[in-house]
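What follows is a single structure, written as structure tokens, with notes after it.
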Amino acid sequence: MDLSLSTRTVGDRTVVEVGGEIDVYTAPKLREQLVELVNDGNYHLVVDMEGVDFLDSTGLGVLVGGLKRVRAHEGSLRLVCNQERILKIFRITGLTKVFPIHNSVDEAVAATD
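Using UniProt numbering, the letters of the sequence shown map in sequence onto residues 1 to 113.
Written out as structure tokens, the structure is:
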């Protein structure tokens, strides 16, 4: 399966909708998208992972790298996910303490930093 990416602006947040699998083959595409957004001055990102079917350690690394990039500009990176199989990965790795994870894009956009 491939990776689909689309972006939109909601208020002062840039929402990145991700679909498919984030793995060693597709993660570079997500990394490029996040780097481009930060380079263009978008420092408050919401990554909507509702359409993600699979996430491996490479994908986790890309998300952590994106978080570091936005934090370097006093920004934020919030995740939207309520799929148990994906949330379990964040819990096992301890990344639930690193990433704010929300149930919906609206909730993530409304959250304060």
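Glycine included, each C-beta is placed from N, C-alpha and C at the ideal position. Source: prediction; values computed, not measured.
- Item | Completely contained alpha helix (DSSP H) runs for the UniProt domain "STAS" (3-112), where each covers 4 or more residues | 27-39, 57-71, 84-93, 105-110
- Query: Considering only residues of the same chain and omitting the five flanking positions on each side of alanine 27, which have a CB-CB separation below 6 Å?
  - Reply: Thr58, Gly59, Val62
- Cβ-based burial, isoleucine 101 [other Cβ within 10 Å; buried from 16]: buried
- Kindly indicate which residue of Met49, Glu107, Arg71, Asp40 has the alpha-carbon position closest to the one of isoleucine 89. Met49
- Near serine 76, what residues of its chain come up, given a Cβ to Cβ distance below 8 Å and the 5 sequence neighbours on each side ignored? Tyr43, His44, Leu45, Val70, Pro100, Asp113
- Item | valine 16 versus isoleucine 86 - alpha carbon distance | 17 Å
- Task: Check whether the Cβ atoms of leucine 67 and valine 98 sit closer than 9 Å, and answer yes or no.
- Result: yes
- Closest by CA to alanine 108, which one among Val10, Val35, Val38, Asp23? Val10
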